[in-house]
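What follows is a short report on a single structure.
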Amino acid sequence: MFVEYTWLVPLVPMLCFVIVGAFGKKMPEGGGPVAIFGALFAFVMSVLISYEFFTSAAYSDPGFITAQIAWFSIGDFTINVGYYIDSLSCLMILFASFISMLIFIYSIGYMHGEGVKKRRYYAEVSLFLTGMLGLAVSSNFLEMFVFWEAMGLCSYLLIGFWGFTHPNGDDAADNAASAAKKAFLVTRLGDVCLMGGLFVLLYAFGSLDYVTVFDTAAMAAVDPNMIMLASLLIFGGVIGKSAQFPLLDWLPDAMAGPTTVSALIHAATMVKAGVYLVARCFPLFTQNPEVMLFVGLIGGITAFFAATMALNNMNIKKVLAYSTLSQLGYMFLALGAGGYMMALGIQSGDNHLIAAGAVGYTAGCLHMVNHAFFKALLFLGSGSVIHATGTEDMREMGGLHKKMKITSITMLIGSLSIAGFPLFSGFWSKELVLEAAMHAGDYGVEGYLFTIMWVLAIVTAFMTAFYMFRMWFMTFKGKPGHGTEHSHGESPKSMTAPLVVLSAFAAAIGCMILFGFDEYITIGINGAGQFQVGSGHGHGMVGWLEDIFLSAYTYLTVVLVLAAIGIAYLMYSKKSVDPGKINRNGNSLLYRALSNRWYFPQLYNRIGWGLGYGVAKGVEFVDRDVIDGTVNALSAAVVGGGESLSRVQTGNVRDYAAMVMIGVVLLFAVIVALFYFMGGA
Amino acid sequence: MIFDSSIVTSVFGQFAPIAPMIVLIIGALVMPAVFFATKRRGAVTGVAMAVILISILFNVLMLADGYQGEYAGLFAYDAFSGVMILLFQAVIFLTALVSVSSSETTRMHYGAYNSLLLAAAVGMMFVATASDLITIFLGIELASITSYVLVAMKRSDPRAAEAAVKYVIIGGLSTALTLYGLSMLYGVAGTTNIADIAAALSTQGFSWAFGIAMITMIAGFGFKIAAVPFHAWAPDVYEGAATPVSMFLGTGSKKVGFVALFKIFLVIFVAANATASFATEEMQYIFAIIAAITMTVGNVVAISQTNIKRMLAYSSIAQAGYILIVMAVMTEYALASGMFHMFTHVFMKGGAFLVVGALITVGIGEKISDYRGLAKRAPFIAFAMTVFLFALAGIPPLAGFTSKLFLFSSAIYDNGVMTQWIWLAFIAILNSAISLYYYTRVVKAMYIEKGDTAERIRIPKTFAAAIAISFVFVIVLGVFPQLIMDFCADAASALFG
Amino acid sequence: MFFELPFEIPYLLTLLLVVPLVGAMATLAMGGERQKYAKYTAGVFSGITMVLSMVLLFTPDLSVYNESHTWIETAGLRMSYILTVDGLSILMVFLTGLLVFLSTVFSAREKDKPHYFFALLLAMEVGLMGVYTAADYFLFYIMWEVTLIPMYFLISWFGGPRRHYAAIKFFIYTHVASLVMLIGIFAIVFGAASGGVADFSFEAVLAGSAVFGSTFQILVFGLLFFGFAVKMPIVPFHTWLPDAHVEAPTAGSVLLAGVMLKMGSYGIIRVCLEVLPEGAQYWQPIMIFIGILAMIYGAYACIAQKDLKKMVAFSSISHMGMVMISIACLSSIGIQFAIFQMFAHGLISAVLFMVCGMAGHSIGTREIPLLGGIAGKMPVFAAFMMFGFMASLGLPGLVGFWAEFGIIFSFYDYAVSVDMIWLIALCLLSLLLTAGYYLWAMQRTLFGRLTNKIDLSHIHDVSRPEAIALGVICALIALYGLWPDLALSYIDGYASSLAASLGVI
Amino acid sequence: MIPIEVYLVFAAILFAIGAYGVVVKNNTIVVLMCIELMLNAANINFIVFSAFTTDVLGQVFVIMSISVAAAEVAVGIAILLNAYKVKNTIEADSLASMRW
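Going down the list, the sequences are from chains U, C, R and X.
The opening position of the first sequence corresponds to residue 546 in the numbering used here, with each subsequent residue numbered one higher.
The opening position of the second sequence corresponds to residue 817 in the numbering used here, with each subsequent residue numbered one higher.
The opening position of the third sequence corresponds to residue 273 in the numbering used here, with each subsequent residue numbered one higher.
The opening position of the fourth sequence corresponds to residue 47 in the numbering used here, with each subsequent residue numbered one higher.
What follows is the structure in structure tokens.
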């Protein structure tokens, strides 16, 4: 009875967008409450829908509920619009709406000083939420793509929120403007790939509905190369959206937007869409192990690189941004590893392997959920800090623990969680990810690559713990920087309350897996031979506990994490170790490479400028001087011809007479010639 | 039925075929007397109008009634001559109408001026009705000699004198050429009656003597047509002469050459083709070449002109080139559309000249730059001028477009089959694209550019009337070409027999 | 059909021509002191025309409005006055009615010789309506040329500094093209003539076209195609367009880009494809090539532009290139979405040019380097501009996206059939470039530090009439974007039947 | 008796001389005379042909053309006089104010 109304989930925030956009000026807080109501409604609705779905028969078979109406037709192909509910989409709408709601509440306090701009802010975030929810419940690729792009637009608008008349002056404004453009363009690059993927799918399957495309028989009927092409193109879209290697450059810049927006992008929406899409397309991707191998490699590499960049960054938000990248890398590593095994399993018909693959899937999804919570928490926390100190540079903070207790403690929880401190949420999911990667290493020809990824992942875990606590210590411990002096204590309730709530989830949500949560976020092949998300048989608490605590590697990571925290403590809290010694006061090659993001930006700028503006200049030249030049030359020739011909008109009647006589003679010559050539008469 | 030629026949008896001319001749004779008696140019003009209208009436009656008749083996009236006479009558009507109020025409010799006009018109009509070389020659000469005088008759303008000299010399030269050609033709065929000549040639086939005759005659008539390279006099004379006279020459006497060409060559070639005695294709090529060169030179040179009368002169050279397509294609359809184009040309080019004349009368110069801001000072005149020029350029839905469409298409197609003259149509069409350039320059001057003064202009009534008439015809003939085109079709079939 | 009118209006199509004509004359009469009423007169007449054109949208059977009278019948020629509307033309007719009315509203503030200005707009409308409804080549060509003159005067009277050059260039260049096209028309009409009578009506020519040999088709297709391609315009015959646009007044640009360019693609579909299918087959690869060339070339040219309006002009070249490849696919989908793109681009380019026009007259300059941070000063303007740019770069949910999606899909179909799938990458590249130049332009004009290069004291935000005009179009863009079937349903039947006649489905 | 070609060639030469004079002579009176020469060449043709074909029409034609020529010369002289009055020269080279 609720599922039929799934379309309300994206629609209500949409309406909020319209309402706030239209009348926000006159509303209290620029229409913030309306936006919050929209998110709240969406959340409640999601809860009801999920409840109904999980308790319905459809959950166990076929594992989804979908309904569609015809939208329009391209030639003979009909494009539908409708909703598609399974445990994955339930999961998405649940945490997306919940976290967005908290972020909106937080914004009431955080954006309080923005004045008339608040209307635009709340309208745009509502639209952003619409995009995410719509994407999660869409029933076919094209519909999904619409929301996908809508989110791209919103990210553009929100990152550029301060794109003009920036509180911190003109340079910041220019900065924000270019960051927004960069974000949209880079994601656009991914999106056109995704679009290409859609063409391939539509052409191959004659439809873009999930039910049609993911049908095992249908997929079997299609040329696997086409499927591979489609999968890679779609993953191209994901790379853009989730800022994976090599398109990871826009996300750090995107910090130019308000912190709440960063929270929204990193935790609830945008980047999660990529993970969702891969999870959604699991059936398609698992048709070729190579695709999943690729996904995994991209994930692993991103995780490592991003983490390195976070090591020495002084901007609190940037650190968090890099951490997001690297955590996303984890998720793709997990999905890739799982999918890889599953693909091999499908090829060889080995159910064991398929089950092992399902663990990867579970790991990926679980980490996505966990990350959603602790990253939201961390960003909002950092937002609260920035709000208080008015700076983003951690060197100007320090010793804030005394001034803002709640923020500091909640952020500590978040940091522990993301660092994978035992028994915190991050711990469980990260362990599963590592396990999946390690297992994948044992299978297939290219398996050893996953082993390498696994090593990278462990190193990453170490670095994660280090830079997170580096951030925490630099911010809340040590001697106060002058940002701290000016800070006005703890933030208002509307900001701290969400922090508290989130910290609870950030700490605990992970252990749900011990209580059978994994049953909902696993994937398998059901009796009908179709892929089915959820309603697999979970490992159960004992299973997981054995899995994790009986493997030596778990303890290895735990040790590494603790070591990292220790080092961070010595360096930045106790100051007994001077990082300057190691990096020669920031002059070491490595240090500079890191602070320049391994020179990715410069590279992109050079390429983009050359391929874009360089060629454009050439085209412009051709256009004006060659093509148009020819046109003008032609007309000039005609006019000039007239000029010179008119000189024959000397005005002297004798010349006229001469012309007449010459004409007669010429005519005679012509006629002779004609008769000669044409042999007439 | 309404149109009944019996009136004419009953009045004129055996002279019926030349009735329209007779009326005009009488008018021409009484004209000086009238002027001497009244000393009022208005009276003279009134008489002239009356005479012309009567003659038009007669002609229309005969034409619409499909009258046919011949006089003394020298004149033969048929649909063709009827249509051409109508054309000349239209020209003379407009000219006589505006001459009275033009500031350029003579004051003291106005009677003579008018009778010369009428005489010239009579000469043209003789050519239109002639069925014998003698009458053709006489007609042409009558038209030419009178128009020499008309050109000279401009008051106190050295340019007129110079123009007259050039005109008379080149005219005499071409007369000699024509006469020489006629003599050779006579020698070849042994008779001066065109029909007999055609018959004779179609039996005895092509001879070099005939070739010489043809070339010299082309040169001779080419002078009247102002076909390159026999065109050089035209710009000077048009510029030098009084504008009504220029219009008379540009629209009327130009056509005489075509009529003569059609009368002599078309008839001969058609007969020759009929008996296949000799291939006319070579001749057709000659005309095609002349046509192509003429239209191109006319248009290209017109671009560089600053004096609007010279520009119009060159443009009428170009128009002559278009009409020469008829001689190249030599089909009935081509002839019909050619005649139709002559008609529309009377009103387009005539209208343009009328505007120029009117503006000169009110003291605006002949330079294109003098037309700046005209749209403000005389909206109607400016608009009419725009219409005439765009019609000349062949912008739909004006007369020029429709007639050009007929004419050019005739070069592409002859009932159902593609002709070999498509290349000619190409050149013609590209030419009319070029022509748009210099016509637009005038429009730009009138509408876009700012004039130094903005006070209104009041032009003489007769000018206004004449311009209005041409304006109406340019529009109407563009939208309903059938009004004339049907007559032209009959005429063409009459000539083709 | 979503809603059907119970009644019919007799002679509707003739009215579509007569009403604007009368309106033009009435407006012209509003000179002197009555100048302030000129805009109302024009508004009323163009409004009536728009309503009439919308009546067509809700008519279940369009054939009831066909009109046919013999016009000229002489010397083996038959021209007739035939008006029809079908799936190809109906949207264009609607677009014409809509844009003329809205550009009238938009330019309500026109001070300088308003009666001439609006009269010219209405005169334009006569020609445009005629082109899209005429079913006789004679009438078609006349209307085709009739559109030139008002545009010439619009540019050279109300245009920018280099207006004379631009106007003459536009006039001559397109006139030459039309004349070449005229030769092609002669060829097909006379080629199809039977029984010594050359009938200029579409259906007679279509009926007679069976006899065309393939060489004939290939040659004549070339002639006609050149004529239409210049109008579209297609690289390398496009250089008149940027000049004309830069100099033209806003309303002129709106009509030029919104409706006049479509005449080219309309002609290609209507004449070249319907009458010369074999020629189309032969020319397909070339059309594809220049289509792609136009797309990418146009997009790159946009990046290099300094003048906002010039950039938009090049963007329409790029988008018309899209129409080109879509037509060239010669498939049902291709034609369907070519027409849809013509419609979509008509709406979007209208917004873009209106925005550029406002930048010109209310900020005072369109030079991108001089602008910056304008969004702070003129939020509404910025919103419209962003909306237009987003629509034009194919943001899903707006009408432009569906057009591009369908077009590229049809092209993918073609690419597979000639198995060169990589071709699709070029289209995607052009999408990326499009996003690139629009975003870059926005970054430099709307965002960033507030410019100090121009005097900002006097600038004012969107005026009411402008806001109304823009609002309506934006609403339509969103509406058709959310429910493309509103437009597609008209095209479907025509596209598939034409594709069938081309022998490709 | 003398063959017809002789007369024709003679006439042709006469014609050519006239034409030559028209082109090279600067004095327009002389030019008019040359034109007369050409006309007479044509007349000779007529007479010869009519004599050889015993057809009278040719001679009629000659009568006509002579009278026409007379009229033409009369007019021509008058025009030259007028030109001399206005510009007091009748040299072709100096009567070239209108050109291009």
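Here a beta-carbon is modelled for each residue, glycine too, at the ideal position from N, C-alpha and C.
Candidates 978(U), 605(U), 915(U) and 687(U): closest to residue 1089(U) by CA position: 978(U)
Contacting positions in the stretch 564-575 of chain U - beta carbon closer than 7 angstroms to chain C: none
Distance between residue 409(R) and residue 352(R) (C-alpha atoms, nearest Å): 9 angstroms
Nearest-angstrom Cα separation, counted from residue 1133(C) out to residue 1041(C): 8 angstroms
Against chain C: residues of the stretch 1153-1186 of chain U by CB proximity under 7 angstroms: 1183, 1184 and 1186
Cβ shell of residue 292(R) (< 8 angstroms), same chain only, five flanking positions each side left out: 317, 318, 321, 372, 394, 395, 397, 398 and 401
CB contact below 8 angstroms: residue 1226(U) versus chain R: Confidence is the limiting factor: at residue 1226(U) the pLDDT is only 46, short of 50, which leaves the residue's position unreliable and the question unanswerable from this model.
Cβ pair residue 503(R), residue 533(R) closer than 8 angstroms: yes
Nearest-angstrom Cα separation, counted from residue 1094(U) out to residue 1100(U): 8 angstroms
Positions along the stretch 1255-1271 of chain C whose CB lies within less than 9 angstroms of some CB in chain R: 1256, 1257, 1259, 1260, 1263, 1264 and 1265
Identity of the residue in 328(R), 419(R), 575(R) and 312(R) nearest residue 446(R) by Cα: 419(R)
Chain C within 8 angstroms of residue 132(X), Cβ atoms only: yes
Within chain X, partners of residue 1203(U) - CB distance below 8 angstroms: 69
Residue 144(X) at chain U interface by Cβ criterion, 8 angstroms: yes
Residue 424(R) - containing beta strand (DSSP E), residue span: Counting along the chain, residue 424(R) falls outside any beta strand (DSSP E), though it belongs to the alpha helix (DSSP H) covering 420-430.
For residue 561(R), the first and last residue of its enclosing alpha helix (DSSP H): 549-576
Residue 1119(C) to residue 367(R) span [Cα, whole Å]: 39 angstroms
Cβ contact (3+ pairs, closer than 8 angstroms) linking the stretch 731-744 of chain R and the stretch 756-773 of chain U: no
Reduced DSSP secondary structure (H/G/I, E/B, other) of residue 302(R): coil
Residue burial classification, residue 1134(U) (beta-carbon count within 10 angstroms, cutoff 16): exposed
Test: residue 417(R) CB closer than 8 angstroms to a CB of chain C: yes
Residue 575(U) to residue 553(U) span [Cα, whole Å]: 23 angstroms
Own chain partners of residue 1194(U) with C-beta closer than 8 angstroms, once the 5 adjacent residues on each side are dropped: none
Below-8 angstroms beta-carbon distance, residue 585(U) vs any chain R residue: no
Entirely enclosed alpha helix (DSSP H) segments - the stretch 1044-1095 of chain C, minimum 4 residues: 1049-1056, 1059-1063, 1070-1077 and 1083-1091
Sufficient close CB pairs (3 or more, under 8 angstroms) joining the stretch 665-674 of chain R to the stretch 750-769 of chain R: yes
Residue from 593(R), 439(R), 741(R) and 540(R) with nearest C-alpha to residue 496(R): 540(R)
Beta-carbon gap between residue 79(X) and residue 65(X) smaller than 8 angstroms: no
Test item: CB-CB of residue 667(U) and residue 569(U) under 8 angstroms: yes
The stretch 289-307 of chain R contacting the stretch 377-394 of chain R, beta-carbon criterion three pairs below 8 angstroms: yes
Selection from 999(U), 805(U) and 826(U) that minimises the alpha carbon distance to residue 921(U): 805(U)
Host beta strand (DSSP E) of residue 340(R) (start-end): 339-346
Whole-angstrom distance between residue 1279(C) and residue 944(C), CA atom to CA atom: 28 angstroms
Cβ-based contacts, 8 angstroms cut-off: residues of the stretch 992-1011 of chain C near chain X: 992, 993, 995, 996, 998, 999, 1000, 1002, 1003, 1006, 1007 and 1008
Backbone CA spacing between residue 1168(U) and residue 511(R) [nearest angstrom]: 7 angstroms
Neighbourhood of residue 1312(C) by C-beta, 8 angstroms cutoff - its chain only, sequence neighbours within 5 removed: 1082, 1086, 1148 and 1151
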